[in-house]
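Asks: Residue 456 is where the sequence shown starts when you use the working numbering, and the numbers rise one by one after that. Note that beta-carbon positions come from the ideal geometry of N, C-alpha and C, so glycine has one too. Got a structure here, written out as structure tokens. Questions coming.
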Amino acid sequence: MQDFLVLMWKPFLAAVVLTGIHGYLGIHVVERQIIFVDLALAQIAALGATAAYLFGFDLHSPATYWFSLGATFLGAVIFSTTRSRNERVPQEAVIGIVYAVSAAAAVLILSRSAEGDEHIRYMLVGNILLVGGPEILKMALLYGAVGLFHWIFRKTFLLISSRPEEAFAKGIRVRVWDLLFYLTFGLVVTSSVQIAGVLLVFSYLIVPAVAAILFARRLSSRLFLGWGLGAGTSLAGLACSYWLDLPTGAAIVCAFGVVLAALTVMRRAVR
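Right, here's the structure in full:
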């Protein structure tokens with residue numbers, strides 16, 4: 456048990472930090488009914504990293520991070536401009552297309568590398584087990600700043616996410632606020648993907664939010680429920696990874712799936 460605590464306290468702390476910001480943003484994503492936007496932005500960030508790798512930069516270098524961030528900001532612009540009051544094409548369709556093209560482009564780029572398969576695996580599930588103290592601190596400071604920005608303008612962000620028609624009727628510049636949402640969202644996702652990978656970031660964003668919405672109505676209740684679920688499930692996934700000798704990222708993703716399935720069954724049984 457002592458060895459488990461020594462080895463896993465940093466990954467668990469990173470998981471708690473990831474849960475904090477993604478649990479909040481996930482509620483916006485579910486309210487907007489754009490479930491796969493995180494997956495698409497995460498894949499765009501990964502595409503930026505693979506492009507940097509193609510130019511000879513290490514996957515963990517600052518240059519690679521800026522490549523990822525630039526690609527994610529481009530995705531944010533695309534998603535913010537494709538939302539309109541009267542949509543002929545659902546925004547989810549645009550998100551799906553962007554994700555598929557980004558994933559295919561990343562595979563094509565990595566096919567030129569002898570270590571392409573390993574990089575694809577890292578892109579999907581990351582390696583949260585090797586996260587260090589300085590990385591956790593940087594994440595916490597960055598996510599804290601994004602969270603503070605969203606808290607200051609929380610009424611506007613919540614309005615355009617949950618009641619967009621009312622926002623349009625009030626004359627709010629929805630596309631401008633959408634752009635701000637996606638830019639901050641992309642900033643978070645870019646930083647998260649470098650540590651956790653595409654699939655784990657998606658799980659932290661969607662699963663706690665969906666579970667919280669199933670059992671709570673108030674925003675504050677949803678947040679605390681989602682944060683508690685994210686932290687507890689992360690600990691369970693880390694324990695399974697340690698005791699069963701499984702890949703850490705994949706173990707946490709599967710733990711999220713099992714917990715959500717159990718909560719869904721429990722809710723239906725209660726009803």
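Please report the straight-line C-alpha distance between A561 and A501, rounded to a whole angstrom.
Replies: Numbered from its first residue, the sequence shown carries residue 561 at position 106. Numbered from its first residue, the sequence shown carries residue 501 at position 46. Those two C-alpha atoms are separated by around 7 Å.
Asks: Measure the Cβ-Cβ separation of L725 and L684 and say whether it is below 8 Å.
Replies: What you label residue 725 is simply residue 270 of the sequence shown in a count that begins at 1. What you label residue 684 is simply residue 229 of the sequence shown in a count that begins at 1. One point to set straight first is that residue 725 is Val, not Leu, in the sequence displayed. No; because the gap between Cβ atoms is not below 8 Å, this pair is not in contact.
Asks: Assign A624 to buried or exposed, taking buried as 16 or more other Cβ atoms, counted over all protein chains shown, within 10 Å of its Cβ.
Replies: On the sequence shown, residue 624 is found 169 positions in, with the first residue counted as 1. With fewer than 16 Cβ atoms within 10 Å of its Cβ, A624 is classed as exposed.
Asks: First and last residue of the alpha helix (DSSP H) that includes R677?
Replies: Translated into positions along the sequence shown, residue 677 becomes position 222. Where R677 is concerned, the enclosing alpha helix (DSSP H) stretches over L674 to L699.
Asks: In whole angstroms, what is the alpha-carbon distance linking G687 and A710?
Replies: Taking the first residue of the sequence shown as 1, we reach residue 687 at position 232. Taking the first residue of the sequence shown as 1, we reach residue 710 at position 255. Computed Cα separation, rounded: 10 Å.
Asks: Just to check my reading of the structure: G704 and G503 have Cβ atoms closer than 8 Å, yes? What is that Cβ distance to the nearest angstrom?
Replies: Position 249 of the sequence shown, counting from 1, holds the residue named residue 704. Position 48 of the sequence shown, counting from 1, holds the residue named residue 503. In fact, because the Cβ distance is near 20 Å, the residues do not count as touching under 8 Å.
Asks: Give the DSSP-derived three-state secondary structure of K465 in the structure shown.
Replies: On the sequence shown, position 10 is the one that residue 465 refers to. In this structure, K465 counts as helix in the three-state DSSP scheme.
Asks: State the CB to CB distance for the pair I591 and A469, rounded to an integer number of angstroms; the pair is presumed to be in contact (CB under 8 Å).
Replies: If you number the sequence shown from 1, residue 591 lands on position 136. If you number the sequence shown from 1, residue 469 lands on position 14. About 5 Å; that satisfies the 8 Å criterion.
Asks: By how many angstroms is the C-alpha of E486 removed from the C-alpha of F528?
Replies: Numbered from its first residue, the sequence shown carries residue 528 at position 73. Numbered from its first residue, the sequence shown carries residue 486 at position 31. Answer to the nearest angstrom: the Cα atoms are 22 Å apart.
Asks: I'd like the list of long-range same chain contacts for S696, defined as Cβ closer than 6 Å, with 5 residues on each side in sequence excluded.
Replies: Within the sequence shown, residue 696 is the residue found at index 241, counting from 1. So the list reads T703 and A706, once near-sequence residues are dropped.
Asks: Just the Cα atoms here: how many angstroms apart are G511 and A526?
Replies: Against the sequence shown, residue 511 aligns to sequence position 56. Against the sequence shown, residue 526 aligns to sequence position 71. Approximately 17 Å, taken between the alpha carbons.
Asks: On a Cα-Cα basis, can you pick out the residue from A507, T536 and D513 that is closest to L522?
Replies: The residue labelled residue 522 in the question sits at position 67 within the sequence shown. Note on residue identity: the sequence assigns Phe, not Leu, to residue 522. F522 has its Cα closest to that of A507, out of A507, T536 and D513.
Asks: Are the Cβ atoms of I564 and L509 separated by less than 8 Å?
Replies: Working through the sequence shown from its first residue, we reach residue 564 at position 109. Working through the sequence shown from its first residue, we reach residue 509 at position 54. Contact flag set, yes.
Asks: In chain order, what residues of the same chain lie with their CB nearer than 8 Å to the CB of G587, ignoring the 5 residues before and after it?
Replies: Taking the first residue of the sequence shown as position 1, residue 587 is located at position 132. Result list for G587: K465, in chain order.
Asks: Tell me which residues share the same chain as V653 and place their Cβ nearer than 7 Å to its Cβ, disregarding the 5 neighbours each side in the sequence.
Replies: Taking the first residue of the sequence shown as 1, we reach residue 653 at position 198. Taken in chain order, the residues that qualify are L494, A497, Q498, A501, M578 and L579.
Asks: What's the call for H605, buried or exposed, on a 16-neighbour Cβ count within 10 Å?
Replies: Sequence index remark: in the sequence shown, residue 605 carries index 150 (1-based). With 16 or more other Cβ atoms within 10 Å, it is buried.
Asks: Mapping the DSSP letters down to three states, classify H515 as helix, strand or coil.
Replies: Taking the sequence shown and counting its residues from 1, the one referred to as residue 515 is at position 60. In this structure, H515 counts as coil in the three-state DSSP scheme.
Asks: Flag this pair as yes or no: are the beta carbons of V708 and L655 separated by less than 8 Å?
Replies: Taking the sequence shown and counting its residues from 1, the one referred to as residue 708 is at position 253. Taking the sequence shown and counting its residues from 1, the one referred to as residue 655 is at position 200. Yes.
Asks: Going by DSSP, what residue range makes up the alpha helix (DSSP H) through F510?
Replies: To locate residue 510, count along the sequence shown from 1; it is residue 55. Note, F510: premise wrong, no alpha helix (DSSP H); not H, not E.
Asks: Is the separation between the beta-carbon of W682 and that of G481 shorter than 8 Å?
Replies: As a first step, residue 682 must be located in the sequence shown, where it is residue number 227. As a first step, residue 481 must be located in the sequence shown, where it is residue number 26. Not in contact: W682 and G481 (Cβ atoms no closer than 8 Å).
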